[in-house]
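According to numbering that gives the first Met the number 0, the sequence shown is numbered sequentially starting from 0.
Yeah, the Cβ is synthetic: ideal placement off N, Cα and C, and Gly gets one too.
Here the structure is a predicted model, which is why all the values come from computation and not from measurement.
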Amino acid sequence: MSAPSKSTVHRILRQANHVTDQPQKRPKSSLIRFEAALPNEMWQSDFTHWRLADGSDTEILDYIDDHSRFLISIRAYRRVTGHHVAKQFTQACEEHGRPQSSLTDNGLVFTTRFTGKINGDEPAKNQFEKLLQEWDIKQINGSPNHPQTQGKIERFHRTLKLWLNAQPRAKTVAQLNEQLEEFKHVYNMERPHKAAGRKPPYLRYTATAKAVPKPLPKDERRIRTDTVDKDGKLTLRYGGQLRHLGMGRTYSGVPVRMLIDDRDVTVINRKTGEIIRYFKIDPSKNYQKAISRLNR
């Protein structure tokens, strides 16, 4: 006599009320697979870790095209910073055009939205966020603790590491970057990709016209409270960098509220309510001079 099938056992247990439904455990067939319709409609980005021959850790930052799986850019660093993210993204845009949207997780190098308020003030956008805003590139961040949103790049990292494991272990970051350039060529130009119709991603990436950014709102309004320091300066983070606003020693120790509308900053005395300084942030400079002053 053969043993009953799993489905028969399940049915009997269910009829006896010994089964607890777990709707969160949906079958894979119920998941809706998303793919951008055009090249450059969406770039996914993330970084992963890789050890050199001496055991030291590096981080590999990459951008892939969601539609074609074409590897837009890849580079290794000792540690990925916000500056690296913005610079590598800029170089990728110069080579391949600007994407319509960007999909990343919520790492601090990509977004400050979960940084939390500092002394009750909203966090400033970082360098990468400001760059996307300036270029009308829609920023999309995956839900926290939901890596499936960035599933394509997670799967890409598995392919990358399988290839790297088959190579001699790089001794330096420079050697690793040489290997990554070789991998980029093989991955884009030679290796058939299941999601690209069993063709190299380059063919699908170049088969149709690329999507381009659409006009988006550029406002970044927030309020920051502070006190003018002994040297007559205020500090303000803009574009991922700390800016110093020259208030003048006359206002040393004065508590203020800064009304920030992207590059426009209005400084108000919190005790009297009067406007005492006005600034137009110059992103190319750290020290900012007041361009307007209202006296009593």
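Would you give the residue range spanned by the alpha helix (DSSP H) that Asp202 belongs to?
With the sequence shown as reference, residue 202 is identified as Leu, and Asp is not the correct amino acid for it. First-last of the alpha helix (DSSP H) with Leu202: 200-204.
Hey, is Asn187's beta-carbon within less than 8 Å of any beta-carbon in chain D?
Among the protein chains of the structure shown there is no chain D, as only one such chain exists.
Looking only at its own chain, which residues have a Cβ that is under 7 Å from the Cβ of Ile290, when we skip the five neighbours before and after it?
If the five residues before and after Ile290 are omitted, its C-beta is found closer than 7 Å to the C-beta atoms of Tyr277, Phe278, Lys279, all from its own chain and listed in chain order.
What is the rounded straight-line gap between the Cα of Ala36 and the Cα of Gly196?
14 Å
Best match in Thr271, Ala75, Asp225, Lys284 for proximity to Thr171 [C-alpha to C-alpha]
Ala75
List the endpoints of the continuous alpha helix (DSSP H) containing His82.
81-95 is the span of the alpha helix (DSSP H), which, as asked, contains His82.
Quick test of the definition: if touching needs 3 or more C-beta pairs under 8 Å, does the stretch 35-49 touch the stretch 90-105?
yes
Is DSSP giving Ala173 helix, strand or coil here?
The three-state reading of DSSP puts Ala173 in helix, counting H, G and I together.
Cβ pair Leu102, Gly141 closer than 8 Å
yes
At which residues does the beta strand (DSSP E) containing Gln43 begin and terminate?
42-50
Return the chain-ordered list of same chain residues with a C-beta closer than 6 Å to the C-beta of Asn16, the five sequence neighbours on each side being excluded.
none
Neighbourhood of Phe155 by C-beta, 6 Å cutoff - its chain only, sequence neighbours within 5 removed
Ile63
When the distance is taken between beta carbons, is Ala85 closer than 8 Å to Phe299?
Absent from the structure is residue 299, since the part of the chain shown begins at 0 and ends at 295.
Does the stretch 223-232 come within contact of the stretch 245-261, defined as at least 3 CB pairs closer than 8 Å?
yes
Using the rule of at least 16 other Cβ atoms within 10 Å of the residue's Cβ for burial, across every protein chain shown, is Asn187 buried or exposed?
With at least 16 other beta carbons inside 10 angstroms of its own, Asn187 counts as buried.
Using only the alpha-carbon positions, how far apart do Phe182 and His66 sit?
20 Å
With distance defined between alpha-carbon atoms, name the residue in Asp281, Thr80, Asp45, Ala52 nearest to Asp104.
Asp45
Run of the beta strand (DSSP E) containing Phe33, from where it starts to where it stops
Element bounds for Phe33: n/a, residue is neither H nor E.
In whole angstroms, what is the alpha-carbon distance linking Glu273 and Thr110?
Approximately 34 Å, taken between the alpha carbons.
Going by DSSP, name the residue or residues bridged to Leu12.
None; Leu12 has no bridge partner.
Inter-residue spacing [alpha-carbon to alpha-carbon] between Thr207 and Ser72:
20 Å
Going by DSSP, name the residue or residues bridged to Gln287.
Leu244
Quick one: Cα of Gly252 to Cα of Pro212, how far?
45 Å
Between which two residues does the beta strand (DSSP E) carrying Gln138 extend?
137-140
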